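So the structure is just underneath, and the comments pick up after that.
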Amino acid sequence: MNRRPLIWFVLFYVCGSAAAAGLSAQGAVYAGGAALFAAAACVLLGKASPRLAIACLLAAGLAAGERLWADAHNVTGLPELLAAAEAEGPRASYEAEAEGIIVSVVEVDGDRVSFRVRTERLRVKGDAKPRAVRERLIVQVRLAEQPEQAAAAGWKRGDKVVISGELAQPAAATNSGGFDYRRYLRSQRIHWLLKVKGAASVKASAGPAWTAAAMLGRIDAVRDSLGARMNALYPSDQSGYMKGLVLGIREDLDPQQFQQFSRLGLTHILAISGLHVAVFLYALGGLLRLARLTRERTLLLLMIAVPLYVLLSGASPSVVRAGLMAMLGLLAARLGKLKDGLHLLAAAALVMLIYDPYFLENVSFQLSFIVTIGLILGVNPVRKAMPEWRRGKALLDLAAVTLVAQLVSFPISIYYFNQFHLLSLPANFILVPFISFVVMPIGAGALIISLLWEDGGKTLAYLSHYANDWTFALVEKLAAVDSLRTIWASPPLWWVAAWLAALCLTFHWLNQRVRHQVNEDNPIDQITDRLVAPTIPLTAGTSNFVGLPDPLIELRQRFNLSTRREEHAVGEVLRKVYKPLVMIMVIGTLLFLAYDPERWDNNAKISVIDVGQGDAIHIRTPEGKHLLIDGGGTLSFVKAGEEWRTRSDPFEVGRKLLVPLLMKRGVREIDILVMTHLDSDHIRGLQAVVESIPVKSIWWNGTVKQAEDAEKLIQTAIDKSIPMYRVNAGMEMNVDDSTNVQVLWPPQQSNDVIEVQQEQNELSVVLSLRIYEHLFVMSGDINASTEHSIIDLMRQTNHTIDPIDRAAVLKIAHHGSRFSTSDEWLRYWRPIGAAASVGATNSYGHPHPDVLAKLAAAGARLWRTDLDGEIQFSITEKGLFVGN
């Protein structure tokens, strides 16, 4: 520790900041005690000097204090309005007019414009005069007409704006484990959204010329200009990719293409990071050497160029980290005091966290630093453990880097993204060097040349067109191998720490093994012979030959020598084997625990997921089977002739909410997918589910609907060879020993013809689900007349449920429409509770007051996704428990 004090200082600093951010007061006290104990132990064991131990404890305390101070001051300047909004609920919004400066890039996507504003004055409806409030706002403008796109494109960072709209809080996480937009914005010190209708509500003018925002606005203009030139150099299907690769502009990258890269763990290529900075410095350094500049001037110019490159490439945490490390390294090289990479990394982390302690919660920051630490610690020992191969040395070096990067990034990847493709390792091995050292330099060179000679730039860019086509084809083919794609539930943080610690110990052991490796050319017997000389003393005995040893003594001595040789051989084998075996067992155990964390969980869970105005119900049975009833769906209101409103990456509930949520919970396959009916608010989100998670079977009402989303979903199921079962009343299935499913509706059809039915509500698949003798009824979008028909049909077919078992939880039909949930239906089921899946801002008035009154009269408790978020039922042999 004494040899690397800065590293330990920063480690304690990070731990102190993390403890203050994630622990309660009691937990922070325990963490402080643990830090004090660790520091004292290091001093007593002679691993650290008292001065270093005190410095490390001081670092933890300073970091915790800085984070607590940041949290205490990270508050809105409108506390009264915030209290009112929290009391009113998710629909709260307030008319307001804000005056301030645009402090971010203005993004125009279809009919939506978004940017950030730092306010100087703010007036909320009812105020006598504007308040002087410095508040950061996210502004979201919904354009009314296509010409407004051009007006919005003229807004830029640094402009002064006066905006009229509605203030609202960002959405908090309403599903367990779901993305918390409010918390994300709070980490950037933003507490409000300002929602604006039409570009006319935004009045922009030139702001002060020499503010930071204005200067960054000029850099944005340069980036936009370079992006436009990249559009001219590459075809439309490649320009977005090349802009992300060279300039860090990812807004124009095709979402499907990004998803394919993501499946193979290749998105780091599209994020400007240390590799890009290294290539930039290498190329610029080569040009400066050609100009015959001195070493000192070259280093100075490189230090000046790095911040410009960081700003030009978007200044994400990964590129800021790489830029800081590069500048510190260049400075140390110029002063003749260049230290190792860990010192540079520690210094970069310290600078970034002092500047903003919320960086610690940034995924890009975490991945960037953890992977870089892993590469510094692990590549050398792993490479030395590999065989020497002179002709393939470069390939072995690349293999070591790729393997270590995959091992180190694995826990972070499954914690946040919940998937790992087994072809990720070969994909990174092949594509990363090809893209980094061939495609990216060609793209950057073409861009630079085109500034001086457009035709020359296009000619050079043309060389990479085929390379990009080959890259896309390979990525698409590898990502499509679903059998090698694994899904992982988000592991606990202790598991992530244990995995990284196990890797560190493995790297340390490999280092020791290489350092103390015994020459394998000499057999064990020869080594033993050298250590134990087989001399036999001359003693008198019973032999007739004077001076020769006694045969018994000679035999005993030979036996002892053999035993010592065998013991030495066994010791050598054990010394070489036991550490690898221990490491393999530890890592194998961690993989087993992470891959199937609910193996011994015999409780069932039913989750009514908040997907807005739609239905999505996930069921996990006691034996670990998974059922999904419907998948919600974001409705599109783009009319013919208004295609300009279409966004390049619109919010889609399946891809951005449902699939990530299911994967986070470790749903590796869906045993039964139920499409109650083919309306968009029930099945549009299932398209992403079917494409992303293996589905073993589909139940549906046996009809089709002439709608793009319904036709596409059914065709995808056919293409994937998913069995589709047309279900009807009377069918029954035991999903496992504790779970029974009965189909209550639709009625059995007289023929097997699949009919076209545009009106689907009354053909909804209605199910009763019994788990551990607890009954749940899933009623789709039926109305009161169909409820009556179901009751009659059950009585006629002797499927009437015993009155003693009728205590049930109902998923109320059609989101609480007043035409559903009749008194007869409630009398029959006698529910103890009901769940309503309804959007917080729906315009239908769901759930209707009449339905609320009926449920209250029936004594049924109501849970609502618009008010309560996700509704979770936990069913055990002991009873039913509800949480939301």
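The opening position of the sequence shown corresponds to residue 2 in this note's numbering, with each subsequent residue numbered one higher. The beta carbon of each residue, even a glycine, is placed where N, CA and C say it ideally should be. These figures come from a predicted structure and were not determined experimentally.
Does the CB of residue i have a neighbour CB from chain D at under 8 Å?
| i | result |
| --- | --- |
| glutamate 709 | The question asks about chain D, but that chain is absent: this structure has only one protein chain. |
Give the C-beta separation of residue i and residue j to the nearest angstrom, bearing in mind that I take them to be a contact with Cβ-Cβ under 8 Å.
| i | j | result |
| --- | --- | --- |
| leucine 53 | proline 6 | 5 Å |
| leucine 764 | proline 747 | 5 Å |
| proline 171 | arginine 183 | 4 Å |
| glycine 633 | leucine 659 | 6 Å |
| valine 134 | valine 118 | Not quite, the Cβ-Cβ distance comes to about 12 Å (not below 8 Å), so this is no contact. |
| valine 690 | leucine 591 | Actually they are not in contact, since the Cβ atoms of valine 690 and leucine 591 sit about 29 Å apart, beyond 8 Å. |
| leucine 246 | leucine 271 | 6 Å |
| valine 142 | valine 203 | 6 Å |
Quick check: what's the CA-CA separation for residue i versus residue j?
| i | j | result |
| --- | --- | --- |
| glycine 199 | alanine 153 | 10 Å |
| glutamate 644 | histidine 683 | 24 Å |
| glycine 655 | isoleucine 783 | 23 Å |
| glutamine 873 | glutamate 252 | 36 Å |
| phenylalanine 116 | methionine 243 | 24 Å |
| methionine 586 | arginine 669 | 24 Å |
| lysine 606 | methionine 779 | 15 Å |
| alanine 348 | leucine 325 | 8 Å |
| methionine 725 | glutamine 761 | 18 Å |
| aspartate 530 | valine 402 | With a pLDDT of 40 at aspartate 530, under the threshold of 50, the modelled position of this residue cannot be trusted; read the value that follows with caution. Distance between the alpha carbons of aspartate 530 and valine 402: 42 Å. |
| valine 519 | phenylalanine 421 | Because the pLDDT at valine 519 is just 44, under 50, the model does not fix this residue reliably, and the point stays unresolved. |
| cysteine 43 | leucine 448 | 54 Å |
| proline 804 | glutamine 758 | In this predicted model, proline 804 has a pLDDT of only 45, less than 50, meaning its place in the structure is not dependable enough to derive any value. |
| phenylalanine 546 | asparagine 512 | Bear in mind that the predicted position of phenylalanine 546 carries a pLDDT of just 39, short of 50, making it unreliable; the figure below should be weighed with that in mind. Answer to the nearest angstrom: the Cα atoms are 57 Å apart. |
| glutamine 749 | alanine 730 | 6 Å |
| alanine 323 | alanine 333 | 15 Å |
| phenylalanine 259 | leucine 811 | 40 Å |
| threonine 798 | glutamate 733 | 13 Å |
Could you please give the first and the last residue of the uninterrupted beta strand (DSSP E) stretch that includes residue i?
| i | result |
| --- | --- |
| asparagine 735 | 733-737 |
| lysine 126 | Where lysine 126 is concerned, there is no enclosing beta strand (DSSP E), given that its DSSP letter is neither H nor E. |
| aspartate 110 | 108-110 |
| alanine 809 | 809-812 |
| serine 18 | Looking at the DSSP string, serine 18 is not in any beta strand (DSSP E); the run it does join, the alpha helix (DSSP H), is 6-23. |
| histidine 775 | 775-779 |
| glycine 834 | 834-837 |
| serine 790 | It is not in any beta strand (DSSP E) - serine 790 instead sits in the alpha helix (DSSP H) that spans 785-797. |
Should residue i be labelled buried (16 or more other beta-carbon atoms within 10 Å of its own) or exposed?
| i | result |
| --- | --- |
| serine 693 | buried |
| proline 661 | buried |
| glycine 127 | exposed |
| valine 754 | exposed |
| proline 832 | buried |
| phenylalanine 360 | buried |
| threonine 964 | Given that the chain is displayed from residue 2 to residue 885, the structure contains no residue 964 and the question cannot be resolved. |
| isoleucine 139 | buried |
| leucine 221 | The amino acid at residue 221 is misidentified as leucine; the sequence shows aspartate. When all chains shown are included, aspartate 221 counts as buried. |
| glycine 834 | buried |
| arginine 264 | buried |
When the distance is taken between beta carbons, is residue j closer than 8 Å to residue i?
| i | j | result |
| --- | --- | --- |
| alanine 64 | alanine 36 | no |
| glutamate 121 | glycine 101 | yes |
| leucine 881 | histidine 775 | yes |
| serine 886 | glycine 249 | Outside the displayed range of the chain (2 to 885) lies residue 886, so it cannot be described from this structure. |
| leucine 58 | phenylalanine 10 | no |
| arginine 819 | valine 766 | no |
| valine 482 | leucine 267 | no |
| valine 736 | threonine 622 | yes |
| glycine 870 | threonine 175 | yes |
| serine 821 | alanine 857 | no |
| lysine 157 | valine 109 | no |
| leucine 426 | leucine 404 | yes |
| alanine 97 | leucine 195 | yes |
| leucine 327 | valine 307 | Reading off the sequence, residue 327 comes out as alanine, not leucine. In this structure, valine 307 lies closer than 8 Å to alanine 327 by Cβ. |
Starting from residue i and walking both ways along the alpha helix (DSSP H), at which residues does that stretch end?
| i | result |
| --- | --- |
| tyrosine 182 | 182-187 |
| glycine 249 | Careful: glycine 249 lies outside any alpha helix (DSSP H) and carries neither H nor E. |
| glycine 457 | 455-480 |
| glutamate 89 | 80-89 |
| leucine 745 | No alpha helix (DSSP H) holds leucine 745; the beta strand (DSSP E) holding it covers 740-746. |
| isoleucine 719 | 709-720 |
| lysine 665 | 660-665 |
When every heavy atom of the ligand MN is checked, does at least one fall within less than 7 Å of the C-beta of residue i?
| i | result |
| --- | --- |
| leucine 300 | No copy of the ligand MN appears in this structure; indeed no ligand is present at all. |
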